[in-house]
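Trainee:
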Amino acid sequence: MTTFLSSLRIALRALMVNKMRSALTMLGIIIGVAAVIAMVALGLGAQSRISEQIASMGSNLLMVVPGSFTSGGMRFGAGTRSTLTVEDAKAIAAEIPGVKYVAPSTSGSVQVVFGNQNWSTDAQGTMPELLDIRNWSIALGRAFTAQEVESSAKVCILGNTLVENLFGGIDPIGQIVRIKRFPFTVIGVLEPKGQSGMGRDQDDIVFVPFTTAQKRLFGRDIPGMVRQISVQARGPEVLKEVEEQIKDLLRQRHRILPNQEDDFTVRNLTEIMGTIEQTGKVMSLLLASIASISLIVGGIGIMNIMLVSVTERTREIGIRIAVGAKGRDILLQFLIESLVLSLIGGLLGIGIGMVGTLILSHFTQWPTLFSVNAILLAFLFSGSVGVFFGFYPARKASLLNPIDALRYE
Amino acid sequence: MNLPNHSAGIDSRSNKVSMTGRRVESFIEVQELEKLYRLGEVEVQALRGVSLRIEKGEFVAIMGPSGSGKSTFMNILGFLDQPTRGQYLLEGINGENLSRDELAEIRNQKIGFVFQGFNLLARTSALGNVELPLIYARVSGVKRREMARRALIEVGLEERGHHHPSQLSGGEQQRVAIARALVNQPSILLADEPTGNLDSRTSIEVMEIFQHLNRDLGITIIMITHEQDIASFAKRNIHFRDGRVVEDRNSALQG
Chain A
1 MTTFLSSLRI ALRALMVNKM RSALTMLGII IGVAAVIAMV ALGLGAQSRI
51 SEQIASMGSN LLMVVPGSFT SGGMRFGAGT RSTLTVEDAK AIAAEIPGVK
101 YVAPSTSGSV QVVFGNQNWS TDAQGTMPEL LDIRNWSIAL GRAFTAQEVE
151 SSAKVCILGN TLVENLFGGI DPIGQIVRIK RFPFTVIGVL EPKGQSGMGR
201 DQDDIVFVPF TTAQKRLFGR DIPGMVRQIS VQARGPEVLK EVEEQIKDLL
251 RQRHRILPNQ EDDFTVRNLT EIMGTIEQTG KVMSLLLASI ASISLIVGGI
301 GIMNIMLVSV TERTREIGIR IAVGAKGRDI LLQFLIESLV LSLIGGLLGI
351 GIGMVGTLIL SHFTQWPTLF SVNAILLAFL FSGSVGVFFG FYPARKASLL
401 NPIDALRYE
Chain B
410 MNLPNHSAGI DSRSNKVSMT GRRVESFIEV QELEKLYRLG EVEVQALRGV
460 SLRIEKGEFV AIMGPSGSGK STFMNILGFL DQPTRGQYLL EGINGENLSR
510 DELAEIRNQK IGFVFQGFNL LARTSALGNV ELPLIYARVS GVKRREMARR
560 ALIEVGLEER GHHHPSQLSG GEQQRVAIAR ALVNQPSILL ADEPTGNLDS
610 RTSIEVMEIF QHLNRDLGIT IIMITHEQDI ASFAKRNIHF RDGRVVEDRN
660 SALQG
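Below, the structure written as structure tokens:
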């Protein structure tokens with residue numbers, strides 16, 4: 001232990017001889033490590049944001065929509081005839097055991113008017129189950145009941161964006177708004193969700209009972225028609241299975257022949273978001289790798305300076321060998337010097353990286369997440385860069401011929 | 410520390426050489442030493458067959474013009490270099506088949522070097538410089554300090570332990586170098602023009618230290634010099650010329 005400490009002290013003293021040179025050499029490592037720390041923090045922050053968004057959208061989620069994607073883009077039949085019905089939704093609920101909730105819905109663009117304020121938004125007519133499927137919580141008031149669906153009651157639940165834009169500070173519960181000239185009573189307000197993974201404002205929405213939407217809002221459409229069916233599976237294990245079962249069931253119900261395409265599409269949102277998450281991870285890894293390249297450059301800087309240092313201290317090395325230093329002693333001496341350089345650079349880089357990331361995040365509002373593992377890894381990486389790039393000069397020093405070295409001017 | 414087996418080496422060699430069958434054990438034994446340098450395409454025969462013996466406790470001066478091979482000879486004596494032919498035994502130790510590391514160990518334990526240019530570490534204190542061989546001998550910090558202190562006392566510099574070479578005069582620097590050479594209690598002290606960078610008065614001071622070490626502590630000293638008056642401090646003068654010993658005199662002066 002004492003020899004280790006004294007070697008450390010000797011190395012530090014040697015590096016202090018030319019502080020400027022040591023500082024500049026360290027700069028490469030500092031920048032490299034800081035860059036890696038920042039990239040990893042940004043990457044992890046983005047990933048956790050995506051995970052949050054996935055969770056907020058609802059888990060184990062399948063969406064069935066009419067039309068198929070096989071010939072590039074949505075394909076409706078002539079006359080825009082939708083092929084999904086409420087009966088389909090009921091069948092899915094009844095016949096597929098892995099299904100937890102099913103909610104058919106229909107939607108369209110509407111104007112919501114309160115007093116002299118109006119707001120253009122997306123209206124979704126659906127079942128109360130949809131709120132569970134899509135992870136919506138009620139902040140004020142309540143959801144509509146099955147009874148209200150039965151009776152096509154004119155009640156609605158507002159998203160947070162509508163509340164802010166139409167009501168300002170007034171309590172919206174119990175108020176009357178007009179949707180397509182019909183008066184609707186506000187019975188509930190949703191908890192805000194923020195932006196979706198694809199950038200949409202999820203709070204810009206109003207929910208009404210499915211039947212009300214069909215009869216009043218989108219009445220010209222064929223009754224029983226459904227724009228989409230949202231299905232929540234019981235758990236992630238059965239998700240894929242349920243997806244297949246829904247496809248089989250609908251093909252059967254719609255009497256689709258084996259060689260014909262589906263006239264519907266089942267979207268596995270969890271899968272899609274999973275892909276996005278994967279892509280995010282790959283991007284983070286790529287960013288970190290690119291940042292690591294600057295660490296390599298820093299290492300080359302260390303090798304360069306150590307080579308110069310060895311040449312400058314040729315005489316000193318000759319003296320040491322003459323009085324009994326073995327090759328190993330000289331090797332270790334110089335290796336410790338480059339290790340000290342890279343480790344101190346690593347520590348400074350971690351500090352600067354963390355501070356820089358926090359400042360960046362403050363100004364850009366990008367999410368960041370620090371991981372202890374990443375920091376430790378960066379520290380170890382900088383250490384290995386020091387050892388790897390310091391090895392060649394140290395070895396060169398250890399192989400010097402003492403007679404020639406002592407004669408060196 | 411594992412040194413090669415003395416007796417095996419010396420018995421076989423000495424018995425071969427000695428014609429009368431008498432077992433000879435000299436402190437330093439040199440037989441038909443040759444050294445050939447190849448510098449690119451040029452070949453230089455630095456030593457052309459040198460044979461001699463030096464006994465324990467001798468004080469020898471080696472003289473000769475430049476190119477006579479005396480430095481080459483000293484390098485071989487100090488285990489810094491190996492001969493191309495011939496043999497060198499120090500206390501029966503033959504450096505011939507030893508590795509670099511093993512030679513370093515022998516130098517550390519058996520040889521003390523004193524150079525014309527002092528060759529101290531500029532950014533280290535006098536004590537630190539003297540401690541250097543002890544670091545490589547793996548002596549612990551406390552003991553190192555003590556041994557270094559005692560060596561400095563021996564050369565009369567106990568007050569200057571914490572000074573750096575730049576704060577010391579030439580003579581003082583050389584004395585630090587001598588202390589360093591002594592600190593590990595070597596078998597021989599090899600000095601290459603030890604007074605070359607010193608004025609006459611300081612030179613005499615250094616020579617008096619050498620004499621004290623040789624006479625009172627029994628240290629074997631071999632020194633290269635080109636100055637006759639310095640050489641006369643030594644009891645034995647060996648002259649080199651063109652890679653050979655041309656003269657080997659014991660002087661009656663300086664008892």
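Read top to bottom, the protein sequences are chains A and B.
Note that the numbering used here numbers the first sequence so that position 318 is 318, with each residue one more than the last.
Each number in the numbering used here corresponds to the 1-based position in the second sequence with 409 added.
Every residue, glycine too, gets a C-beta built ideally from N, C-alpha and C.
In chain A, which residues lie less than 8 Å from residue 542 (chain B) when you measure between Cβ atoms?
Mentor: 323, 324
Trainee: Skipping 5 residues on each side, what residues in its chain have a beta carbon closer than 7 Å to that of residue 580 (chain B)?
Mentor: 607, 611, 614, 615
Trainee: Bridge partners of residue 629 (chain B), per DSSP?
Mentor: B:597
Trainee: Residue 133 (chain A) and residue 195 (chain A) look like a contact to me (Cβ under 8 Å); what is the Cβ gap, rounded to whole Å?
Mentor: Wrong, their Cβ atoms sit about 20 Å apart, outside the cutoff.
Trainee: Restricting to Cα atoms, I'd like to know which of A:350, A:5, A:150, A:52 is closest to residue 38 (chain A).
Mentor: A:350
Trainee: Less than 9 Å between the C-beta atoms of residue 400 (chain A) and residue 330 (chain A), yes or no?
Mentor: yes
Trainee: Buried or exposed: residue 72 (chain A), going by 16 or more other Cβ atoms within 10 Å of its Cβ?
Mentor: Per-residue confidence for residue 72 (chain A) stands at a pLDDT of 42, beneath the threshold of 50, marking its modelled position as unreliable; no derived number is given.
Trainee: Taking DSSP as the reference, what is the three-state secondary structure of residue 560 (chain B)?
Mentor: Of the three classes helix, strand and coil, the one that applies to residue 560 (chain B) here is helix, per DSSP.
Trainee: If you measure from the beta carbon of residue 6 (chain A) to each beta carbon in chain B, is any gap under 9 Å?
Mentor: Interface residue, yes.
Trainee: To test your reading of the DSSP string, which unbroken beta strand (DSSP E) runs of 3 or more residues are found completely within the stretch 497-567 of chain B?
Mentor: 520-523
Trainee: Does the distance from the CB of residue 637 (chain B) to the CB of residue 472 (chain B) come in under 9 Å?
Mentor: yes
Trainee: Quick one: Cα of residue 514 (chain B) to Cα of residue 328 (chain A), how far?
Mentor: 12 Å
Trainee: Checking the sheet assignment: what are the DSSP bridge partners for residue 659 (chain B)?
Mentor: B:645
Trainee: I need the boundaries of the alpha helix (DSSP H) containing residue 158 (chain A), first residue and last residue.
Mentor: No alpha helix (DSSP H) holds residue 158 (chain A); the beta strand (DSSP E) holding it covers 155-158.
Trainee: Of all the options A:306, A:160, A:119, which has the alpha carbon lying nearest to the alpha carbon of residue 25 (chain A)?
Mentor: A:306
Trainee: Any beta carbon of chain A sitting closer than 9 Å to that of residue 482 (chain B)?
Mentor: no
Trainee: Are any of the Cβ atoms in chain B nearer than 9 Å to that of residue 310 (chain A)?
Mentor: False, the Cβ-Cβ gap to chain B never drops below 9 Å.
Trainee: Just confirm the distance between the C-beta atoms of residue 623 (chain B) and residue 589 (chain B), as a whole number of angstroms; I'd bet it's less than 8 Å.
Mentor: Actually they are not in contact, since the Cβ atoms of residue 623 (chain B) and residue 589 (chain B) sit about 18 Å apart, beyond 8 Å.
Trainee: What's the C-alpha gap between residue 154 (chain A) and residue 202 (chain A)?
Mentor: Whole-angstrom Cα-Cα distance: 23 Å.
Trainee: With a threshold of 7 Å on Cβ separation, who are the neighbours of residue 243 (chain A) within its own chain once the five nearest residues in sequence on each side are excluded?
Mentor: Closer than 7 Å at the Cβ level, and outside the excluded window around residue 243 (chain A), lie 62, 266, 268.
Trainee: Do residue 353 (chain A) and residue 34 (chain A) have their C-beta atoms closer together than 9 Å?
Mentor: yes
Trainee: Since residue 320 (chain A) meets chain D, which of its residues come closer than 8 Å, beta carbon to beta carbon?
Mentor: Structure shown: chain D not included; protein chains present are A and B.
Trainee: Flag this pair as yes or no: are the beta carbons of residue 273 (chain A) and residue 16 (chain A) separated by less than 9 Å?
Mentor: no
Trainee: Per the DSSP calculation, residue 85 (chain A) is bridged to which residue(s)?
Mentor: A:225
Trainee: In angstroms, rounded to a whole number, what distance separates the CA positions of residue 158 (chain A) and residue 254 (chain A)?
Mentor: 35 Å
Trainee: Inspect the beta-carbon positions of residue 210 (chain A) and residue 86 (chain A) and report whether they are closer than 9 Å.
Mentor: yes
Trainee: Residue ranges of each beta strand (DSSP E) run of no fewer than 3 residues wholly in the stretch 130-175 of chain A, ordered along the chain?
Mentor: 138-141, 155-158
Trainee: Nearest chain A C-beta to residue 644 (chain B) closer than 9 Å, yes or no?
Mentor: no
Trainee: Suppose you measure from the CA of residue 525 (chain B) to the CA of residue 378 (chain A); what does that come to, to the nearest Å?
Mentor: 49 Å
Trainee: Please list the partners that residue 514 (chain B) has in chain A, where partner means a Cβ-to-Cβ separation under 8 Å.
Mentor: Within 8 Å Cβ-Cβ: 324, 326.
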